[in-house]
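Student: Can you read through this structure? Questions will come right after.
Chains as they are written, first to last, in this note's numbering: chain A, -9 to 160; chain B, 2 to 288.
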């Protein structure tokens, strides 16, 4: 896959796809859009979806991994432990040995986002948000809007995962 | 932004111009009438954002600069040598482009000049329409003001409030708080973190709105009482900063704590040009 547009166009080949976008959730920037947007306004769709994605990514209730094994486990640098209720997911630790210098905070975010997908089931459509697994400090997600009558949710989810991986790997 | 800059950009786009639009607050590069790159002294460069956190090892970046910089095709070199995927390069480059464009098109960014034929050394990645860049820049300004309408926070060094119980912060915001020492500007904090400057501005506005950072209303502003902490911190920054900051501050210091009187913030005001110049000086001093 060579870029953002190819990724979005491929997402649009899914049954029931109405519109797709790649959005940076910190800024609300639409990096690329194809197809329709609810109300015809891609900018508004990106900004609103970004706000929703930001909450999903940052609110402790969604990102906390209590009870689960920490992926980086013993590598957690001293002092990285999240005080409860701060929104610091337990899984959100920097990889040890980061070349960013002595200050361990100046390191990339986790490669794997604490939340992977957000699914909104609306009366007439689905909205799938898929977070990219890459150390983007900005946080980027794929947004696909589907017609509920025509879409296959399970298939769409699988395809979105595949597309999001290939976008940053190939 | 002033009315002239967007209309000048539209004319350049219509003429399919190639070159650089130069302002005090940054540079916008056009190729065939589309925006292909942007730079600002207030925002981390593409080199900082690409090498942040070791994503692209600095030696590989230098290799790309050495091999392809003179030919202005570093982006192509990174792709040809599979340093990162086309998708990731597009994402990171667009993020950097819109980030710098926000400052380059600032309302009080000073006069604009267009240098025909100028080409940026990074090379073309994914050109963006002039209208898209202008619209996004405006949206960002509105977004920040919706969060907390105090635009001087875009340029002033943020000062922490260490009082009372404060609401919890996210990890991203904690990173910003840790670097908010009353001396570093938002742009310097963004560079340290390897994040786009606008993302840091978003965190700063949210943190100020939540009470973690001083809003520091200027003495001339509205009827509100002054925030003594901010002025103290500004004065302190001239004397006690680390070497790079101190020398950079010294060059432009006379204006630093006697900043020009700004209109009330609620009008959506402008970044302080004097502070932006200090940021540029500080960044240059570090290179």
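Idealized CB from N, CA, C, for every residue including glycine.
Bear in mind that the values here come from a model prediction, so they are computed numbers and not experimental data.
1) Against chain A, does residue 200(B) count as a neighbour if the rule is that its beta carbon must be under 7 angstroms from one of theirs?
2) Below 9 angstroms on C-beta distance, what does residue 33(A) contact in chain C?
3) If you reduce the DSSP assignment to three classes, tell me which class residue 27(B) lands in.
4) Who are the neighbours of residue 47(B) on chain A, taking C-beta pairs under 7 angstroms?
5) Tell me the DSSP secondary structure of residue 90(A) in three-state form.
6) Ignoring anything shorter than 3 residues or poking outside the region 62 to 127 of chain B, list the beta strand (DSSP E) runs there in chain order.
7) Which whole-angstrom value is the C-beta distance of residue 199(B) and residue 17(A), which I expect to be below 8 angstroms?
8) Please report whether the beta-carbon of residue 86(B) lies at a distance below 7 angstroms from any beta-carbon of chain A.
9) With a threshold of 7 angstroms between beta-carbons, can residue 171(B) be considered close to chain A, or not?
10) Given that residue 16(A) touches chain B, what residues does it touch there, using C-beta distances under 7 angstroms?
11) What are the residues of the region 88 to 115 of chain B that lie near chain A, defined by any Cβ-Cβ distance shorter than 7 angstroms?
12) Counting along the chain, where does the beta strand (DSSP E) carrying residue 9(A) start and finish?
13) With DSSP as the reference, label residue 138(A) as helix, strand or coil.
14) At a Cβ threshold of 7 angstroms, is residue 155(A) touching chain B?
15) For the beta strand (DSSP E) containing residue 118(A), list its first residue and its last residue.
16) In angstroms with no decimal places, state the Cα-to-Cα distance between residue 2(A) and residue 10(A).
17) Applying a beta-carbon distance threshold of less than 7 angstroms, which residues of chain A neighbour residue 78(B)?
18) Just to confirm my understanding: we take residue 144(B), look at its own chain, exclude 5 residues before and 5 after, and list those with CB closer than 8 angstroms. What are they?
19) Below 8 angstroms, can you find three or more Cβ-Cβ pairs linking the region 130 to 139 of chain A to the region 65 to 81 of chain B?
20) With a 10 Å radius around its C-beta and 16 neighbouring C-beta atoms as the bar for buried, classify residue 144(A) as buried or exposed.
21) Buried or exposed for residue 150(A), going by 16 or more other Cβ atoms inside 10 Å?
22) Got a sec? Which residues, its chain only, sit under 6 angstroms from residue 46(A) by beta carbon, not counting five neighbours each side?
23) Check the Cβ of residue 144(B) against every Cβ in chain A and list those closer than 9 angstroms, keeping chain order.
24) Starting from residue 107(A), trace the beta strand (DSSP E) in both directions and tell me its first and last residue.
25) Rounded to whole angstroms, what is the Cα-Cα separation between residue 100(B) and residue 44(B)?
26) Whose CA, out of 28(B), 118(B), 127(B) and 82(B), lies closest to the CA of residue 22(A)?
27) In chain order, what residues of the same chain have a beta carbon less than 6 angstroms from the beta carbon of residue 120(B), not counting five sequence neighbours either side?
28) For residue 27(A), which of helix, strand or coil comes out of DSSP?
29) Buried or exposed, going by whether 16 or more other CB atoms sit within 10 Å of the CB of residue 15(B)?
30) Can you tell me which residues form a DSSP beta bridge with residue 160(B)?
31) Spell out whether any CB of chain B is found under 7 angstroms from the CB atom of residue 158(A).
32) Of the residues that make up the region 118 to 135 of chain B, which ones have a beta carbon closer than 8 angstroms to any beta carbon in chain A?
33) Could you give the DSSP three-state label for residue 170(B): helix, strand or coil?
34) Looking at the structure shown, is residue 214(B) part of a helix, part of a strand, or coil, going by DSSP?
35) Between the C-alpha atoms of residue 113(B) and residue 167(B), what's the straight-line distance to the nearest angstrom?
36) For residue 129(B), list the residues DSSP reports as bridge partners.
Tutor: Checking against the coordinates, here is how it stands:
1) On the second chain, position 199 is the one that residue 200(B) refers to. Interface residue, yes.
2) The structure shown contains no chain C; the protein chains it does contain are A and B.
3) Against the second chain, residue 27(B) aligns to sequence position 26. Residue 27(B) falls in the strand class under three-state DSSP.
4) Locating residue 47(B) in the second chain gives position 46, where the first residue counts as 1. Those within 7 angstroms of residue 47(B) in chain A number zero; the least Cβ separation is about 14 angstroms.
5) Here residue 90(A) refers to the residue found at position 100 of the first chain. Annotation note: pLDDT 37 at residue 90(A) (below 50); position unreliable, coordinate value reported separately. The answer is coil: DSSP assigns residue 90(A) none of H, G, I, E or B.
6) 114 to 117
7) Start at 1 with the first residue of the second chain, and residue 199(B) comes out as number 198. Start at 1 with the first residue of the first chain, and residue 17(A) comes out as number 27. Between residue 17(A) and residue 199(B) the Cβ distance is about 6 angstroms, and since that is below 8 angstroms, they are a contact.
8) The residue labelled residue 86(B) in the question sits at position 85 within the second chain. Output row for residue 86(B): interface = yes.
9) The count along the second chain starts at 1 and reaches residue 171(B) at position 170. Judged by the 7 angstroms Cβ criterion, residue 171(B) is in contact with chain A.
10) By 1-based counting over the first chain, the position of residue 16(A) is 26. Those within 7 angstroms of residue 16(A) in chain B are 200 and 203.
11) 88, 89, 91, 92, 95, 96 and 99
12) The sequence position of residue 9(A) within the first chain is 19, counting from 1. Element bounds for residue 9(A): 7 to 14.
13) Taking the first residue of the first chain as position 1, residue 138(A) is located at position 148. DSSP places residue 138(A) in coil when its eight states are reduced to three.
14) Taking the first residue of the first chain as 1, we reach residue 155(A) at position 165. For residue 155(A), the answer is no, since every Cβ of chain B falls outside 7 angstroms of its Cβ.
15) Looking up residue 118(A) in the first chain gives position 128. Segment 115 to 121, the beta strand (DSSP E) holding residue 118(A).
16) One-based indexing of the first chain puts residue 2(A) at position 12. One-based indexing of the first chain puts residue 10(A) at position 20. Going from the Cα of residue 2(A) to the Cα of residue 10(A) covers about 7 angstroms.
17) Start at 1 with the first residue of the second chain, and residue 78(B) comes out as number 77. Result: empty, since nearest Cβ-Cβ is about 16 angstroms, beyond 7 angstroms.
18) Translated into positions along the second chain, residue 144(B) becomes position 143. Within the same chain, residue 144(B) has close Cβ partners 203.
19) no
20) For the purposes of this step, residue 144(A) is identified with residue 154 of the first chain, where counting begins at 1. Exposed, because fewer than 16 other Cβ atoms sit within 10 Å of the Cβ of residue 144(A).
21) Here residue 150(A) corresponds to residue number 160 of the first chain, with the count starting at 1. Burial call: buried.
22) As a working mapping, residue 46(A) is identified with position 56 in the first chain. Correct list, in chain order: 52, 105 and 108.
23) Here residue 144(B) refers to the residue found at position 143 of the second chain. The answer, in chain order, is 17, 18 and 37.
24) The residue labelled residue 107(A) in the question sits at position 117 within the first chain. Residues 107 to 111.
25) Numbered from its first residue, the second chain carries residue 100(B) at position 99. Numbered from its first residue, the second chain carries residue 44(B) at position 43. When rounded, the distance between both Cα atoms is 7 angstroms.
26) Within the first chain, the letter at position 32 stands for residue 22(A). Checked all of 28(B), 118(B), 127(B) and 82(B); the closest Cα to residue 22(A) is 127(B).
27) Residue 120(B) sits at position 119 when you count from the first residue of the second chain. These residues qualify, in order along the chain: 73.
28) Here the question's residue 27(A) lines up with position 37 in the first chain. The answer is coil: DSSP assigns residue 27(A) none of H, G, I, E or B.
29) As a working mapping, residue 15(B) is identified with position 14 in the second chain. Counting Cβ neighbours within 10 Å, residue 15(B) comes out exposed, since fewer than 16 surround it.
30) Position 159 of the second chain, counting from 1, holds the residue named residue 160(B). Paired residue(s): 182(B).
31) For the purposes of this step, residue 158(A) is taken as the residue at position 168 of the first chain. Taking Cβ atoms only, chain B reaches closer than 7 angstroms to residue 158(A), which makes this a yes.
32) 127
33) Your numbering for residue 170(B) matches position 169 in the second chain. In this structure, residue 170(B) counts as coil in the three-state DSSP scheme.
34) Within the second chain, numbered from 1, the residue matching residue 214(B) stands at position 213. Reduced to three states, the DSSP call for residue 214(B) is strand.
35) Taking the second chain and counting its residues from 1, the one referred to as residue 113(B) is at position 112. Taking the second chain and counting its residues from 1, the one referred to as residue 167(B) is at position 166. Cα to Cα, the separation comes out at about 43 angstroms.
36) Residue numbering aside, residue 129(B) sits at position 128 when the second chain is read from its first letter. Beta-bridge pairing links residue 129(B) to 36(B).
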